[in-house]
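K.L.:
Shown below is the structure under consideration.
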Amino acid sequence: MAEVALVSCREYSLRTVKDNILEAAGLIGFDPACFRGARVALKPNLLSAVQPDSGVVTHPVFFRAVAEIVLDHGGKPVLIESPAVASLENAMHAAGYDPIVRELGIAVADIREVRRIACRSPKLFTYFDIAAAFFETDVIVNIPKFKTHNLTYITAAVKNLFGAVPGMRKAQMHMRFPGREEFSEMILDLYGAFLAGFEPPKRILHVLDAVVALEGEGPGSSGSPRHAGAIIVGEDALAVDYVAVQIAGLDSRLAPTVNSGFAREFGVASPDDIAVKGETIEAMRLEGFVPPRSPGMTAFLKRDLPRRIMKRLFVERPVPMEPSCTLCYQCQQICPAEAISPAGAGRKVPVFDYGRCIRCFCCQEVCPEGAITIRKAPMQWLLRCV
Ligand code: SF4
Ligand code: SF4
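The following block contains the structure:
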């Protein structure tokens, strides 16, 4: 049985967040005394260089609260993160992490150094190259943000570990596994590697920032911040993510990192294996939480129609919008399919080649202006009308 603590937290006030995280840890029997003398990896979500209130990144006050708990209990925190496209320095600066890291003396790992980690019962990958710094720590505290995600439906504890894979390697993986199900299986392979690939195995605590979540067109700036008032803590990432999906009132069957995860023998195999401590899911449930626009029938169609036709007729596409676009070309940098070119003369947005586009939505994820919207395909409009 996996225990998950669900506690209410109304605001990003340091004292409140810290007390609530400690309360949640206590509810599942996690004793912070285990940090004493340990090097503790802190893995926030710093997706890109965006402001803390965007709902896109782990809030700096939340990160600080976790770091202070580690320090208060004699641990040595090390920040390990690899943003999708921005440099870590820019992402930390924009999200307000710089003064925290300076004041508290938190080490920041060099994420360019990688080391190979083997997967347990892999489906697609037998190993991953992740930031080597994880190997030099004793305990890992994963500090994700709860967000919707146009490819994987949601992103929380399991998906946040993808940030352990340095920079552009992430985009290459999107290219290899463009579909929602296969991409999610790859993320689950990585989760399996974190569970069993270290020798000796490392203790991993997941502390989910859902005080303000992101709804709609997540996980980047196209999504909308939504006050959710929750902190979710557990040592089983699948269980943490399941509880997050439940409080958002979303359908966990559409979240393959949760649903397929139950079938992977990582620990919890169904909701019956999860014990929620603290608040009840019903008491914390959000009304009208907006899911991402996701193609429920895409996987089915992908098997039965030539990919190109299927894409054009049935799958939504990312569309850059004036006047929000500033032509920063971060979308072009991240695009694993090289489907984005500079704007032509007189045009104010980059040019997207939808024949090449694999619909990974990385461009939308990294766009700092929220300038990429998702446009439905003709058949989707038709089916909707019908
Ligand atoms: S769409 Fe977004 S990421 Fe792409 S160039 Fe415009 S502002 Fe930059
Ligand atoms: S254009 Fe956007 S959605 Fe299409 S492949 Fe490139 S990054 Fe992915």
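Just remember that our numbering sits 113 ahead of the position in the sequence shown, which is counted from 1.
From the three backbone atoms N, C-alpha and C, an ideal C-beta is built for every residue, glycine too.
(1) Whole angstroms is fine: what's the gap from G409's alpha carbon to S437's?
(2) With DSSP as the reference, label D185 as helix, strand or coil.
(3) Under 7 Å Cβ to Cβ from L363, same chain only, skipping five residues before and after it: list those, please.
(4) Does R339 pass the burial test, meaning 16 or more other C-beta atoms within 10 Å, or should it be called exposed?
(5) Return helix, strand or coil for H206, following the three-state DSSP convention.
(6) Pull up the distance between the alpha-carbon of D386 and that of L308, whole angstroms please.
(7) Does at least one heavy atom of ligand 1 sit under 8 Å from the Cβ of C475?
(8) Just to confirm, does I256 get its C-beta within under 8 Å of one of the non-hydrogen atoms of ligand 2?
(9) Give the single residue among A490, E478, M397 and I256 whose Cα lies nearest to the Cα of L160.
(10) Distance, Cα to Cα, L509 vs E181?
(11) If we call anything under 9 Å between Cβ atoms a contact, is P463 one with M288?
(12) Can you list the alpha helix (DSSP H) stretches of 4 or more residues lying completely in the stretch 118-205, in chain order?
(13) Report whether the distance from the Cβ of C438 to the nearest heavy atom of ligand 2 is below 8 Å.
(14) For D251, which of helix, strand or coil comes out of DSSP?
(15) For ligand 2, I want to know if P431 counts as a neighbour, meaning its beta carbon is within less than 8 Å of at least one of the ligand's heavy atoms.
(16) Can you tell me whether P481 is buried or exposed? The criterion is at least 16 other CB atoms within 10 Å of its CB, across all chains shown.
(17) Run through DSSP, which three-state label would V214 get?
(18) Do the stretch 345-361 and the stretch 141-155 touch if we need at least three Cβ pairs shorter than 8 Å?
(19) Report whether the distance from the Cβ of I452 to the nearest heavy atom of ligand 2 is below 8 Å.
(20) At what residue ranges does the stretch 254-332 contain a whole run of the alpha helix (DSSP H), taking only runs of 4 or more?
(21) Just curious, the alpha helix (DSSP H) that F375 is in, first and last residue?
(22) Would C476 pass as a contact of I485 if the rule is Cβ separation under 9 Å?
(23) DSSP has I447 in a bridge; who is on the other side?
(24) Tell me whether the beta-carbon of R237 lies closer than 9 Å to the beta-carbon of F275.
P.N.:
Well, looking at it:
(1) By one-based count along the sequence shown, residue 409 stands at place 296. By one-based count along the sequence shown, residue 437 stands at place 324. Because the pLDDT at G409 is just 44, under 50, the model does not fix this residue reliably, and the point stays unresolved.
(2) Walking along the sequence shown from the start, residue 185 turns up at place 72. The answer is helix: DSSP assigns D185 an H, G or I state.
(3) Position 250 of the sequence shown, counting from 1, holds the residue named residue 363. Within the same chain, L363 has close Cβ partners I267, F402 and P404.
(4) Locating residue 339 in the sequence shown gives position 226, where the first residue counts as 1. Burial check for R339: the Cβ neighbour count within 10 Å reaches 16 or more, so the residue is buried.
(5) Taking the sequence shown and counting its residues from 1, the one referred to as residue 206 is at position 93. The answer is helix: DSSP assigns H206 an H, G or I state.
(6) The residue you call residue 386 lines up with position 273 of the sequence shown. The residue you call residue 308 lines up with position 195 of the sequence shown. Approximately 18 Å, taken between the alpha carbons.
(7) Position 362 of the sequence shown, counting from 1, holds the residue named residue 475. It does not: the Cβ of C475 is nowhere closer than 8 Å to a heavy atom of ligand 1.
(8) Here residue 256 corresponds to residue number 143 of the sequence shown, with the count starting at 1. Result no, Cβ not under 8 Å from ligand 2.
(9) Along the sequence shown, read from residue 1 onward, the residue named residue 160 stands at position 47. Comparing Cα-Cα distances from L160 to each of A490, E478, M397 and I256, the minimum goes to E478.
(10) Since the first residue shown for the chain is 114 and the last is 499, residue 509 is missing from the structure and cannot be characterised.
(11) In the sequence shown, counting from the first residue as 1, residue 463 sits at position 350. In the sequence shown, counting from the first residue as 1, residue 288 sits at position 175. Result no, Cβ atoms of P463 and M288 do not sit closer than 9 Å.
(12) 127-140 and 173-185
(13) Here residue 438 refers to the residue found at position 325 when the sequence shown is read from its first residue. Result no, Cβ not under 8 Å from ligand 2.
(14) Numbered from 1 along the sequence shown, position 138 holds the residue referred to as residue 251. It is coil, neither helix nor strand.
(15) Stepping through the sequence shown from its first residue, residue 431 is reached at position 318. Yes, the beta carbon of P431 sits closer than 8 Å to at least one heavy atom of ligand 2.
(16) To locate residue 481, count along the sequence shown from 1; it is residue 368. It is buried - the Cβ of P481 has at least 16 other Cβ atoms within 10 Å.
(17) Taking the first residue of the sequence shown as position 1, residue 214 is located at position 101. Judged by DSSP in its simplified three-state form, V214 adopts helix.
(18) yes
(19) Sequence index remark: in the sequence shown, residue 452 carries index 339 (1-based). For the sequence presented, residue 452 should be read as Ala rather than Ile. Correct: A452 has its Cβ closer than 8 Å to ligand 2.
(20) 270-273, 282-289 and 293-309
(21) Locating residue 375 in the sequence shown gives position 262, counting from the first residue. The continuous alpha helix (DSSP H) containing F375 extends over residues P369 to F375.
(22) Counted from its first residue, the sequence shown places residue 476 at position 363. Counted from its first residue, the sequence shown places residue 485 at position 372. Yes, the pair counts as a contact, with Cβ atoms nearer than the cut-off.
(23) Counting from one through the sequence shown, the residue named residue 447 turns up at place 334. DSSP, once it has assigned bridges, lists no residue as partnering I447.
(24) Position 124 of the sequence shown, counted from the first residue, corresponds to residue 237. Position 162 of the sequence shown, counted from the first residue, corresponds to residue 275. As written in the sequence, residue 237 is Leu, which differs from the Arg given in the question. Taking 9 Å as the Cβ cut-off, L237 and F275 do not qualify as a contacting pair.
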